[in-house]
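A quick write-up on the structure given underneath.
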Amino acid sequence: MRTVSYAAFLLLASACDGGSYSTQQPFTGSDTADTGSGDTDTGGGDTDTADTDTDTDTDTVDTGDTDTDTDTDPPPSLCENAWYAIHYAPYHREYDMEINIASLGGGVGTGYQEDYGTAYDGAGNKVWAMIDSAEGGGAGWDGEEHIGCTNKKGEEGLFMEEWDMSLLMQGSAAATPVAEITPARKIFPAEYEVGGAGSWNYSDTANVTDSMGVASFTAESSGTYVDGGFEDIEIDGTTYHAYKLTNTYTTNISLMTGAQTINGQQTLWYVKGIGLVKEENVNTDDGSTIVLRTLTSFTGLSAE
């Protein structure tokens, strides 16, 4: 139970990055106007056939636009974030990975992130969907992350709402937890704020349930994101001008067998037009690496 919960936490801590933006516009209706052909009276004295008006206009009781479209697509200005590469489709990023999960060890391997279109949250709002998959030394994860564009307070940015993952332990599937995060966690500033967002705090609860019945628990997280501005970073022989974002966190996991607290710091680098290029996630209690992720290749994207 303990090791499965730690791996689920790993997903919470490293969930950082999705999707094709829908440009569908609400239906506005269209009035067909009066197409009547007028009076067809043929005249001619007593042979008047009277009014045979064939006006086909059916708009005599115009009820106005009855459009009931409740489309809740997020505004394009909030979702088109080139630093997070949220609105490019299709896209695909490949990574070298190092994963270390408590007593399960882990090791080096590979991972990827790719566009998975859009999905809907519990309130029926459209959100981004992205596949996040990684494996290292027989440990890892594979599944969806759902990312919204605003929170219930109307704040702008990108917000982690839910993840639905399969966990890999010692080379085989160990659990398939689904976590709904309440309130949705702001994981990235709006594009116009990048480089000047300062810092923001968060406190949320992830209610984790598992279809395999081995890892249902609650994880309470709190922490602070800090906008680190811009710096040059070398990735696979190429130097990029990157945006740096740091997340210092504490997560308390409540289990039937007891509680567990994990303290860590996640440092993320993003390149405009590409998205995430590097992640370092470290346990600050002992200095050990939880996740190290470095970009190796990408398609559907281009540095801006």
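For the sequence shown, counting from 1, position 224 maps to 1660 in my numbering; every step adds exactly one. In this text, a Cβ means the ideal position worked out from N, Cα and C, and glycines have one as well.
Check, Outcome
"Compare the Cα-Cα distances from Thr-1546 to each of Val-1718, Glu-1616, Glu-1597 and Glu-1534 and report the closest residue.", "Glu-1534"
"Out of Phe-1624, Ser-1724 and Phe-1734, which has the shortest C-alpha to C-alpha gap to Thr-1682?", "Phe-1624"
"Use the C-beta contact count for Ala-1620: other C-beta atoms within 10 angstroms, 16 or more gives buried, fewer gives exposed.", "buried"
"Should Asp-1551 be labelled buried (16 or more other beta-carbon atoms within 10 Å of its own) or exposed?", "buried"
"Taking the alpha-carbon of Leu-1603 as reference, which of Val-1630, Ile-1671, Thr-1586 and Trp-1577 has the nearest alpha-carbon?", "Trp-1577"
"Would you mind reading off the limits of the beta strand (DSSP E) that contains Lys-1562?", "1562–1572"
"With Lys-1714 as the anchor, note down where its beta strand (DSSP E) starts and where it stops.", "1711–1719"
"Got a sec? Which residues, its chain only, sit under 6 angstroms from Gly-1579 by beta carbon, not counting five neighbours each side?", "Asp-1600, Met-1601 and Ser-1602"
"Count the CB pairs spanning the region 1722–1739 and the region 1698–1712 that are closer than 8 angstroms, and state whether there are at least three.", "yes"
"Using DSSP with H/G/I as helix, E/B as strand and the rest coil, what is Glu-1629?", "helix"
"Between Glu-1516 and the rest of its own chain, which residues show a CB-CB distance below 8 angstroms, the 5 nearest in sequence each way excluded?", "Tyr-1457, Ile-1522, His-1523 and Glu-1627"
"Work out the CA separation of Arg-1729 and Asp-1668 for me, nearest whole Å.", "17 angstroms"
"Could you pull the DSSP bridge partners for Glu-1591 from this structure?", "None, per the DSSP bridge assignment."
"Measure the alpha-carbon distance for Pro-1512 versus Lys-1714 and round it to whole angstroms.", "Confidence at Pro-1512 is low in this model, with a pLDDT of 39, below 50, so its placement is unreliable and the value that follows should be read with caution. For Pro-1512 and Lys-1714, the distance between alpha carbons rounds to 26 angstroms."
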